[in-house]
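In this note's numbering, the protein residues as written are 16 to 160. Each residue gets a CB set at the ideal place from its N, CA and C atoms; glycine is no exception. In what follows, a structure is listed as C-alpha coordinates, so that the remarks can point back to it.
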(Lines of atoms letter the chains of each structure in order from A and count residues from 1; the text may use other names and numbers.)
(Lines give C-alpha, C1' and ligand atoms only; values in the text may rest on other atoms or scores of the structure.)
Protein backbone atom coordinates (compact mmCIF):
# COMPACT_ATOMS: atom_id res chain seq x y z
CA UNK A 1 0.00 0.00 0.00
CA UNK A 2 2.87 2.39 0.78
CA UNK A 3 4.39 1.84 -2.65
CA UNK A 4 1.13 2.91 -4.30
CA UNK A 5 0.92 6.01 -2.13
CA UNK A 6 4.46 7.22 -2.87
CA UNK A 7 4.45 6.22 -6.56
CA UNK A 8 4.17 9.74 -8.04
CA UNK A 9 5.99 11.62 -5.28
CA UNK A 10 9.56 12.79 -5.62
CA UNK A 11 10.71 12.06 -2.08
CA UNK A 12 8.91 11.40 1.21
CA UNK A 13 10.95 14.19 2.83
CA UNK A 14 9.72 16.74 0.29
CA UNK A 15 6.17 15.49 0.78
CA UNK A 16 6.40 15.91 4.55
CA UNK A 17 7.88 19.40 4.13
CA UNK A 18 5.01 20.41 1.84
CA UNK A 19 2.52 18.81 4.23
CA UNK A 20 3.80 21.10 6.99
CA UNK A 21 3.53 24.16 4.71
CA UNK A 22 0.11 23.61 3.17
CA UNK A 23 -1.71 21.68 5.91
CA UNK A 24 -3.40 18.31 6.00
CA UNK A 25 -6.62 19.37 4.26
CA UNK A 26 -4.84 20.90 1.25
CA UNK A 27 -2.41 17.96 1.12
CA UNK A 28 -5.28 15.45 0.92
CA UNK A 29 -6.93 17.62 -1.76
CA UNK A 30 -3.71 17.63 -3.80
CA UNK A 31 -3.13 13.90 -3.36
CA UNK A 32 -6.61 13.18 -4.71
CA UNK A 33 -6.27 15.72 -7.54
CA UNK A 34 -2.68 15.55 -8.78
CA UNK A 35 -1.20 12.66 -6.79
CA UNK A 36 1.51 14.75 -5.13
CA UNK A 37 1.85 17.56 -2.59
CA UNK A 38 3.15 20.91 -3.78
CA UNK A 39 3.65 24.21 -1.97
CA UNK A 40 3.85 27.46 -3.90
CA UNK A 41 2.48 30.93 -4.35
CA UNK A 42 -0.92 31.57 -5.89
CA UNK A 43 -0.36 33.38 -9.19
CA UNK A 44 -3.99 33.79 -10.21
CA UNK A 45 -7.35 32.27 -11.02
CA UNK A 46 -9.27 31.98 -14.26
CA UNK A 47 -12.96 32.37 -15.05
CA UNK A 48 -13.64 28.69 -14.32
CA UNK A 49 -12.34 29.03 -10.74
CA UNK A 50 -9.10 27.10 -11.34
CA UNK A 51 -6.13 28.27 -9.27
CA UNK A 52 -2.63 28.53 -10.75
CA UNK A 53 0.47 28.15 -8.59
CA UNK A 54 4.20 28.58 -9.05
CA UNK A 55 7.26 27.58 -7.03
CA UNK A 56 10.60 28.34 -8.67
CA UNK A 57 12.78 27.58 -5.65
CA UNK A 58 12.23 23.95 -4.66
CA UNK A 59 10.39 22.10 -7.40
CA UNK A 60 12.04 19.98 -10.05
CA UNK A 61 12.84 21.67 -13.38
CA UNK A 62 9.79 22.07 -15.65
CA UNK A 63 7.51 21.13 -12.74
CA UNK A 64 7.34 24.57 -11.17
CA UNK A 65 3.87 25.55 -12.40
CA UNK A 66 0.65 23.70 -11.79
CA UNK A 67 -3.11 24.15 -11.77
CA UNK A 68 -5.54 23.24 -9.01
CA UNK A 69 -8.81 22.53 -10.80
CA UNK A 70 -11.99 23.69 -9.14
CA UNK A 71 -13.70 20.33 -9.61
CA UNK A 72 -12.35 16.80 -9.22
CA UNK A 73 -13.94 15.81 -12.51
CA UNK A 74 -11.71 18.20 -14.43
CA UNK A 75 -11.16 18.58 -18.12
CA UNK A 76 -7.93 20.00 -19.50
CA UNK A 77 -10.03 22.09 -21.91
CA UNK A 78 -11.13 24.14 -18.90
CA UNK A 79 -7.82 26.01 -18.95
CA UNK A 80 -7.97 29.28 -20.87
CA UNK A 81 -5.46 29.83 -23.71
CA UNK A 82 -3.40 32.43 -21.83
CA UNK A 83 -3.07 30.24 -18.76
CA UNK A 84 -2.25 27.28 -21.00
CA UNK A 85 0.64 29.24 -22.52
CA UNK A 86 1.88 30.20 -19.06
CA UNK A 87 1.63 26.62 -17.71
CA UNK A 88 3.61 25.22 -20.63
CA UNK A 89 6.40 27.82 -20.39
CA UNK A 90 5.40 29.59 -23.61
CA UNK A 91 5.02 32.87 -21.71
CA UNK A 92 7.00 34.24 -18.79
CA UNK A 93 4.23 36.36 -17.28
CA UNK A 94 0.75 35.10 -16.35
CA UNK A 95 -2.32 36.46 -18.16
CA UNK A 96 -3.17 38.87 -15.34
CA UNK A 97 0.10 40.74 -15.92
CA UNK A 98 0.74 40.24 -19.63
CA UNK A 99 -1.88 42.11 -21.71
CA UNK A 100 -1.22 39.91 -24.76
CA UNK A 101 -2.36 36.77 -22.90
CA UNK A 102 -5.53 38.22 -21.40
CA UNK A 103 -8.50 36.26 -22.65
CA UNK A 104 -11.53 38.18 -23.78
CA UNK A 105 -14.68 36.37 -24.71
CA UNK A 106 -15.16 36.54 -28.45
CA UNK A 107 -18.64 37.06 -29.94
CA UNK A 108 -18.70 33.57 -31.45
CA UNK A 109 -17.71 31.80 -28.20
CA UNK A 110 -20.30 30.01 -26.10
CA UNK A 111 -21.09 31.62 -22.76
CA UNK A 112 -20.70 28.35 -20.89
CA UNK A 113 -17.80 25.93 -21.17
CA UNK A 114 -18.54 22.88 -23.32
CA UNK A 115 -16.70 19.90 -21.83
CA UNK A 116 -14.82 17.37 -23.90
CA UNK A 117 -17.45 14.74 -24.73
CA UNK A 118 -15.10 12.09 -26.13
CA UNK A 119 -16.02 8.55 -25.00
CA UNK A 120 -19.48 9.65 -23.87
CA UNK A 121 -22.90 9.11 -25.43
CA UNK A 122 -22.89 12.75 -26.56
CA UNK A 123 -19.64 12.45 -28.51
CA UNK A 124 -19.58 13.56 -32.12
CA UNK A 125 -20.12 10.63 -34.48
CA UNK A 126 -19.50 11.34 -38.15
CA UNK A 127 -21.53 9.53 -40.74
CA UNK A 128 -21.04 9.09 -44.46
CA UNK A 129 -23.56 10.19 -47.08
CA UNK A 130 -21.70 8.35 -49.85
CA UNK A 131 -22.90 4.98 -51.06
CA UNK A 132 -20.57 2.30 -49.69
CA UNK A 133 -18.25 0.59 -52.16
CA UNK A 134 -18.68 -2.73 -50.43
CA UNK A 135 -22.09 -4.19 -49.75
CA UNK A 136 -22.76 -5.95 -46.52
CA UNK A 137 -23.23 -9.71 -46.75
CA UNK A 138 -26.52 -10.97 -45.43
CA UNK A 139 -26.86 -14.60 -44.49
CA UNK A 140 -29.91 -16.32 -45.90
CA UNK A 141 -31.07 -19.40 -44.08
CA UNK A 142 -32.48 -22.16 -46.25
CA UNK A 143 -35.63 -23.79 -44.95
CA UNK A 144 -35.08 -27.24 -43.53
CA UNK A 145 -36.69 -30.16 -45.19
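Where residue i sits in the DSSP three-state scheme
| i | result |
| --- | --- |
| residue 64 | coil |
| residue 98 | helix |
| residue 111 | coil |
| residue 82 | strand |
| residue 31 | helix |
| residue 140 | coil |
| residue 43 | helix |
Rounded straight-line distance, which links the Cα of residue j to that of residue i
| i | j | result |
| --- | --- | --- |
| residue 113 | residue 58 | 13 Å |
| residue 38 | residue 46 | 12 Å |
| residue 132 | residue 139 | 8 Å |
| residue 135 | residue 119 | 30 Å |
| residue 83 | residue 141 | 34 Å |
| residue 96 | residue 117 | 9 Å |
| residue 144 | residue 121 | 33 Å |
Short Cβ contact (9 Å threshold) for residue i with residue j
| i | j | result |
| --- | --- | --- |
| residue 79 | residue 50 | no |
| residue 68 | residue 85 | no |
| residue 65 | residue 101 | no |
| residue 4 | residue 93 | Outside the shown range of the chain (16 to 160) lies residue 4, about which nothing can therefore be said. |
Integer-rounded CB distance, given that residue j should sit under 8 Å from residue i
| i | j | result |
| --- | --- | --- |
| residue 63 | residue 128 | 6 Å |
| residue 87 | residue 48 | 7 Å |
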